[in-house]
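J.: Mind having a look at this structure? Questions to follow.
Residue numbers (full-length UniProt numbering): 1 to 405.
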């Protein structure tokens, strides 16, 4: 039987009108904005904070992802921040006093060629050296972990093995947002929906407030956490970000009894799939190649995802497509995030998480809050400064964790 979802009270947070001024304003009411406000309030004692969301709370990428959580990245800097995130995930249900259905069911990254095998085994070794749980599975072990997968040698790209991270898994994304929002509200943070930022007010090179669709709001500090729209906001503030925005599409099937016990990702065939708590199969693939701000699916992407999925999981041929959607992902040149101060004094930016934003939510908020509160980078986000694109200290995670997601 599919899991029974928890009941919620009628209201998890208030919807106040904006005050004339705040110590800090966070632009973006998604997972990263909410987590940043939570850690500012809970770890740094800053509660005179507003989260400004131009639409509804968590209506952007937070509600438009495939909920995968893992930390098996290749480079030391990436492994450190994502592993910290995973450790925070493990304690968050208790800390936030909210069951958001965090399920550590493991994640497999499949290898289909000899080059895949070499790269995958390299990643496993790098993960182990960084204290990240990682294993190499042969095809039979892959089958044991996920009985419905096709490991036959008569398909286009036979399964030659897989990396496996047992502590990885999924969580219910909207519940995560609600959990953070409720705690933020309890600590006095104002969550202001339907409030679009239209400009920034500066005194010389220092930001002192924001112009919004609901009037001017003065602010001691301004933090940008708007994912795919970060470059638009940066332009309004007077500086440029090295990110490009792309649609990323995903889909779910109709509901089924549990058939898929883990998360399986394949870069070569390019699909990743898990089964949600209610029973639907959740699938995604790569970003659309063009730049854009669309939040809809497209048939050719759906067709390619399903073709790849059916090859790996023949029983999925019986499934019916229920719903598709798109998110707007912000990608950097090195496929790693930016969590940093900016050329504008007292303005900070958290963006460039690309397709890995959901899994990074707790560590993103934790380190970004530290940077905002202290004007100094936390050791975990220091490598992800904006100036690395000038100094050349890039962290190239393109495909380094089997897929970019």
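The beta-carbon is built from N, C-alpha and C at its ideal position, and this holds for glycine as well. No experiment lies behind these values; they were computed from the predicted model shown.
With DSSP run on the structure shown, which of helix, strand or coil describes residue 241?
T.: Three-state result, residue 241: coil.
J.: With H, G and I counted as helix, E and B as strand and the rest as coil, what does DSSP make of residue 253?
T.: Note: residue 253 maps to strand in three-state DSSP.
J.: Using the C-alpha atoms, what's the distance from residue 294 back to residue 18?
T.: Roughly 29 Å between the two C-alpha positions.
J.: DSSP puts residue 202 in a beta bridge; with which residues?
T.: For residue 202, which the question treats as bridged, DSSP gives the partners 207.
J.: How about residue 366 and residue 88: do their beta carbons lie closer than 8 Å?
T.: Taking 8 Å as the Cβ cut-off, residue 366 and residue 88 qualify as a contacting pair.
J.: To the nearest angstrom, report how far apart residue 401 and residue 261 are at their CA atoms.
T.: Residue placement at residue 401 cannot be trusted, given a pLDDT of 44 that sits under 50; what the coordinates show is reported in the next sentence. Cα to Cα, residue 401 sits roughly 21 Å from residue 261.
J.: Pick from 277, 113, 156, 244: whose alpha carbon is nearest that of residue 289?
T.: Closest by alpha carbon: 244.
J.: List the whole-angstrom C-beta distance separating residue 284 from residue 61, where the pair is believed to meet the contact cut-off of C-beta under 8 Å.
T.: About 12 Å; that fails the 8 Å criterion.
J.: How close, in whole Å, do the beta carbons of residue 125 and residue 83 come, if the pair is a contact with beta carbons under 8 Å?
T.: Rounded, the Cβ-Cβ distance is 16 Å, inconsistent with contact.
J.: State the DSSP-derived secondary structure class of residue 376, mapped to helix, strand or coil.
T.: Reduced to three states, the DSSP call for residue 376 is coil.
J.: Looking at the structure shown, is residue 421 part of a helix, part of a strand, or coil, going by DSSP?
T.: Nothing can be reported for residue 421: it is not among the residues displayed for the chain, which extend from 1 to 405.
J.: Quick one: what does DSSP say residue 353 is sitting in, helix, strand or coil?
T.: Coil at residue 353, not helix or strand.
J.: Within a Cβ cutoff of 6 Å, which residues of the same chain sit near residue 21, ignoring the five residues on either side of it in sequence?
T.: The residues are 218.
J.: Between which residues of its own chain and residue 229 is the CB-CB distance below 6 Å, once the five residues before and five after are set aside?
T.: Around residue 229: no qualifying Cβ.
J.: Between residue 372 and residue 250, which are expected to be in contact by the criterion C-beta below 8 Å, what is the C-beta distance as a whole number of angstroms?
T.: Incorrect: roughly 31 Å between the Cβ atoms, too far for contact.
J.: Taking the beta strand (DSSP E) that residue 165 belongs to, which residues open and close that run?
T.: Looking at the DSSP string, the run of the beta strand (DSSP E) that includes residue 165 is 161-165.
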